[in-house]
Amino acid sequence: MKLHRRDVVKELLRDRKDLLVVAGLGSTAWDITAAGDSPLSFPMWGAMGQAAMMGLGLALAQPARRVLVLTGDGEMLMGLGALATIGVQQPANLTVVVIDNERYGETGMQRTHTAWGIDLAAIAAGSKFKHAITATADVAPVRELVYRAAGPNLAAVKVIDEKLSLVLPPHDGVLLKARFRRALLGPKAEPEASTDVLPKER
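Right, here's the structure in full:
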């Protein structure tokens, strides 16, 4: 049994409170926006393979806050070295959730390595993650990792390879950075003017 990605993400972000969220390039950025845009969410518009490393830096800089990286299998496969680095650093507040549809959703739904049996949870376990699971039917254990379990944690969540409508977060990279900093740091964040650095339409 496989799950529906939007249902999974909505459940993971339910009652998220002050959870910090980094979303990988493409579909997971649309998923977190469909679940409800938040200034404590940082969607990666164009840095494929970098979501886990962004999450690691955030987790190390904010050790008192829980950090969730939501990314896809294609994006995670491009940044596999990040799992080894996270394993060395051992951030107790970081969970990586891979929404695994076994497809490259942004380039034509070609099969990824996970369609051929590559096990991301096993790679994370071999990289000294505290918890590394594959979820196919129940999101509750994944929520436990995100909100309660000491990390680093990884959950590969198997989802249906469906094409969904795009629900886009703001395109303005400067705006996204500035609002995230303000939401995270409050008055300590320096105000920044927004400039349109990305296209308005896609």
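In terms of this note's numbering, the sequence shown has 73 at position 88, counting the first letter as 1, and numbering is strictly consecutive.
Cβ coordinates follow ideal geometry from the N, Cα and C atoms, glycine included.
Small disclaimer: the values here were computed from a predicted structure and weren't measured.
Are there 16 or more other CB atoms within 10 angstroms of the CB of residue i, so buried, or fewer, so exposed?
| i | result |
| --- | --- |
| Q35 | buried |
| G59 | buried |
| V(-7) | buried |
| R(-10) | buried |
| R128 | buried |
| A122 | exposed |
| V73 | exposed |
| L170 | exposed |
| T99 | buried |
| A125 | exposed |
| G102 | exposed |
| A46 | exposed |
| A44 | buried |
| P172 | exposed |
What is the DSSP secondary structure of residue i, reduced to helix, strand or coil?
| i | result |
| --- | --- |
| T121 | coil |
| H(-11) | coil |
| Q74 | helix |
| L79 | strand |
| L55 | strand |
| H156 | coil |
| R167 | helix |
| R88 | strand |
| R128 | helix |
Give a yes or no on whether the C-beta atoms belonging to residue i and residue j are separated by under 9 Å.
| i | j | result |
| --- | --- | --- |
| A37 | L5 | no |
| V144 | L(-12) | yes |
| A140 | V81 | yes |
| D0 | R51 | no |
| L105 | V83 | yes |
| K115 | N138 | yes |
| G42 | T13 | no |
| A120 | V142 | yes |
Could you name the residues of the same chain whose beta carbon sits closer than 6 Å to that of residue i, not counting the 5 residues immediately before and after it, in chain order?
| i | result |
| --- | --- |
| E91 | G11 |
| F27 | V7 and F165 |
| L151 | W15 |
| V54 | V7, A36, A37, G40 and V81 |
| M33 | L10, E60 and M63 |
| E147 | none |
The alpha helix (DSSP H) that contains residue i, what's its start and end?
| i | result |
| --- | --- |
| G111 | L105 to G111 |
| K143 | From DSSP, K143 is part of no alpha helix (DSSP H) but of the beta strand (DSSP E) over N138 to K143. |
| D16 | S12 to A19 |
| D58 | D58 to M63 |
| L5 | Segment L5 to A8 is the beta strand (DSSP E) holding L5; no alpha helix (DSSP H) there. |
| L41 | A36 to A46 |
Give me, in chain order, the residues of the same chain whose beta-carbon lies closer than 8 Å to that of residue i; leave out the 5 immediate sequence neighbours on both sides.
| i | result |
| --- | --- |
| A107 | A117 |
| P24 | R164, F165, R167 and A168 |
| K185 | Note that K185 has pLDDT 46, beneath the 50 cutoff, so the model's placement of it is unreliable and the number below is only indicative. The residues are H156. |
The beta strand (DSSP E) with residue i in it runs from where to where?
| i | result |
| --- | --- |
| S26 | S26 to P28 |
Residues in the same chain with beta-carbon distance under 7 Å from residue i, minus the five sequence neighbours each way, listed in chain order, please.
| i | result |
| --- | --- |
| R96 | E87 and R88 |
| K(-5) | A20 |
| I17 | V(-6), L(-2), V6, A8, S26, P28 and L55 |
Does the beta carbon of residue i sit closer than 9 Å to a beta carbon anywhere in chain D?
| i | result |
| --- | --- |
| T119 | No chain D is present in this structure, which holds just one protein chain. |
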